[in-house]
Amino acid sequence: MVRILSVLAFTACLMAQDYDVLLKNGHVIDPKNNINAVRDVAIKDQKIAEVAANIDASKAKKVVDVKGLYVMPGLIDLHVHTFYGDGPSYRDGQLSVIPDSHTFRSGVTTVVDAGTPGWRNFEVFKKRIVDRSKTRVLTFLNIVGAGMGGAVEQNMEDMDPAPVVAMIKKYPELIVGVKTAHFAGPEWIAVDSAVKAGETANVPIMVDFGSFRLERPHQDLVLKHLRPGDMYTHAYLAAVPMIDDNGKVRQYLFDAKKRGVKFDVGHGGGSLVFRWAVPAIKQGFIPDSISTDLHTSSMIGGMKDMTNVMSKFLNMGMTMQQVVEASTWHPAQQIKRTELGNLSVGSTADVTVLSVQKGDFGFVDVYGAKLKGNQNLVAEITMKGGRVYWDLNGRFAPVWDKLEKGYNAQGNPVWDGTISSGVRARRGSEIK
Numbered sequence: 019m020v021r022i023l024s025v026l027a028f029t030a031c032l033m034a035q036d037y038d039v040l041l042k043n044g045h046v047i048d049p050k051n052n053i054n055a056v057r058d059v060a061i062k063d064q065k066i067a068e069v070a071a072n073i074d075a076s077k078a079k080k081v082v083d084v085k086g087l088y089v090m091p092g093l094i095d096l097h098v099h100t101f102y103g104d105g106p107s108y109r110d111g112q113l114s115v116i117p118d119s120h121t122f123r124s125g126v127t128t129v130v131d132a133g134t135p136g137w138r139n140f141e142v143f144k145k146r147i148v149d150r151s152k153t154r155v156l157t158f159l160n161i162v163g164a165g166m167g168g169a170v171e172q173n174m175e176d177m178d179p180a181p182v183v184a185m186i187k188k189y190p191e192l193i194v195g196v197k198t199a200h201f202a203g204p205e206w207i208a209v210d211s212a213v214k215a216g217e218t219a220n221v222p223i224m225v226d227f228g229s230f231r232l233e234r235p236h237q238d239l240v241l242k243h244l245r246p247g248d249m250y251t252h253a254y255l256a257a258v259p260m261i262d263d264n265g266k267v268r269q270y271l272f273d274a275k276k277r278g279v280k281f282d283v284g285h286g287g288g289s290l291v292f293r294w295a296v297p298a299i300k301q302g303f304i305p306d307s308i309s310t311d312l313h314t315s316s317m318i319g320g321m322k323d324m325t326n327v328m329s330k331f332l333n334m335g336m337t338m339q340q341v342v343e344a345s346t347w348h349p350a351q352q353i354k355r356t357e358l359g360n361l362s363v364g365s366t367a368d369v370t371v372l373s374v375q376k377g378d379f380g381f382v383d384v385y386g387a388k389l390k391g392n393q394n395l396v397a398e399i400t401m402k403g404g405r406v407y408w409d410l411n412g413r414f415a416p417v418w419d420k421l422e423k424g425y426n427a428q429g430n431p432v433w434d435g436t437i438s439s440g441v442r443a444r445r446g447s448e449i450k
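According to the working numbering, the stretch in the sequence shown is residues 19 to 450, in order.
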């Protein structure tokens, strides 16, 4: 009888546990919902269930104390290259990377490939990368049908907006915009064709301006050709005419922002220099979105990863709120995926937890120049759809010698079933 009562009491206790996970005592930054304060975050059925000042721990199956850490929506990296295994240059393993190898460990839950595939090979990209990745992979479709990679990017005969629009309409859940990159000629055809495709498909475009030429000035790009909501990436590229002879940010850049043009970092292997970025940040010309331009060269150079790029802007004078906003809610808005980049109740539980290390740090730009800083961001926990994919210090894991159920015959821990661990998460279904 006593045992029956105990079982009933235990069952009642489980039924009273409304939440799967409760992150307690973290400093939540959720720009969409104007939260920048210590809050608890509760997750149930892969969704954000509650965000409040003090949620009763007894309501959760798993409670993780994140005191002293920053809790935010899963990071969105708006500019990466992930078309691994098809064609030359960016469309092979020499430059593109496999997303899951680089995302979760730096707090990223969503990446947007910046035009590596074109309409001719998008479905290969979908099959090889999108469908196989645990990371949420979205993409800009290159205006060049063959995609990104070498001489094909100069082929003006392959810049027809019509098949680009057709592919976007076929896969609207995956293709978020149109990209043009690396065009070297004096013509505006690459930009204008991308804009035409964007207008027809009702999506934004992203421009990597390629070779800067007198025939097509950067000022004209951002003041005349791009529409409000369109994006110029590589905002702090050395070739951008950004700082005048008096050390001031040129007015046309502020005018372009007022028009609604968005400026994306796109750090990459050659596209961020401190001699532009530092004075620009101090004068209020901050990026709308922070992104890595992740590829095999940039990740071993000055760029490194998403948290390193975010740390640079934190040390250049942006606030933590601004850095998080440019890495979550702003990019979600720019690609019109406002279900992402926030911790609203009912939204998919993409959550990133960062620590801020204090000390003496050095950050490197694309030319090897160093910026000294005293703050460094580190990804502690990354959750996508409520599942843990990165847990740097084992906050979700049971202590090995205190496992109530020990190990099975294969030597694996027997979990209590209250939360999918990073190992178990890889076996389950998940939300794209």
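All residues carry an ideal CB built from backbone N, CA and C; glycine is no exception.
What is the DSSP secondary structure of residue i, reduced to helix, strand or coil?
| i | result |
| --- | --- |
| Tyr108 | helix |
| Met401 | strand |
| Glu68 | strand |
| Phe451 | This structure leaves residue 451 out entirely; the chain is present only between 19 and 450. |
| Lys280 | strand |
| Asp74 | coil |
| Asp409 | strand |
| Arg150 | helix |
| Ala202 | coil |
| Val371 | strand |
| Leu23 | Summary for Leu23: the model assigns pLDDT 43, below 50, so the residue's position carries little reliability; its value from the coordinates is reported in the next sentence. The answer is helix: DSSP assigns Leu23 an H, G or I state. |
Which one or two residues does DSSP pair with residue i in a beta bridge?
| i | result |
| --- | --- |
| Asp131 | Val98 and Thr157 |
| Lys187 | In DSSP, Lys187 forms no bridge with anything. |
| Val196 | Leu159 and Ile223 |
| Val126 | Leu93 |
| Gln393 | Lys376 |
| Phe292 | Beta-bridge pairing links Phe292 to no other residue. |
| Ser307 | Asp282 |
| Lys388 | Val382 |
| Gly136 | Asn160 |
| Leu312 | Val98 |
First and last residue of the alpha helix (DSSP H) that includes residue i?
| i | result |
| --- | --- |
| Gly216 | Ile207 to Ala219 |
| Glu141 | Phe140 to Arg146 |
Since residue i is in the beta strand (DSSP E), which residue starts that stretch and which ends it?
| i | result |
| --- | --- |
| Arg57 | Ile53 to Lys62 |
| Val225 | Ile223 to Val225 |
| Ala78 | Ala78 to Asp83 |
| Val39 | Tyr37 to Asp48 |
Can you determine whether any heavy atom of the ligand ATP sits closer than 6 Å to the C-beta of residue i, and answer yes or no?
| i | result |
| --- | --- |
| Ile399 | This structure lacks the ligand ATP; in fact it carries no ligand of any kind. |
Residue ranges of each beta strand (DSSP E) run of no fewer than 3 residues wholly in the region 231-268, ordered along the chain?
249-251
For the region 140-151 and the region 207-219, state whether three or more C-beta atom pairs, one from each stretch, are separated by less than 8 Å.
no
Could you tell me whether the region 360-369 touches the region 335-342, where touching means 3 or more Cβ pairs closer than 8 Å?
no
In chain order, what are the residue ranges of uninterrupted alpha helix (DSSP H) at least 4 long that sit wholly in the region 328-369?
338-345 and 347-352
Count Cβ pairs between the region 286-296 and the region 385-400 that sit closer than 8 Å; are there 3 or more?
yes
Decide if the region 314-322 is in contact with the region 61-81; the criterion is three or more beta carbon pairs, one per stretch, under 8 Å apart.
no
Taking contact to mean at least 3 C-beta pairs separated by less than 8 Å, is the region 396-407 in contact with the region 50-60?
no
Just checking, does the region 42-53 make contact with the region 352-360 on the three C-beta pairs under 8 Å criterion?
yes
How about the region 217-225 and the region 253-265: do they share at least three Cβ pairs that are nearer than 8 Å?
no
Counting Cβ pairs, one atom from each stretch, are 3 or more of them under 8 Å apart for the region 167-174 and the region 115-122?
no
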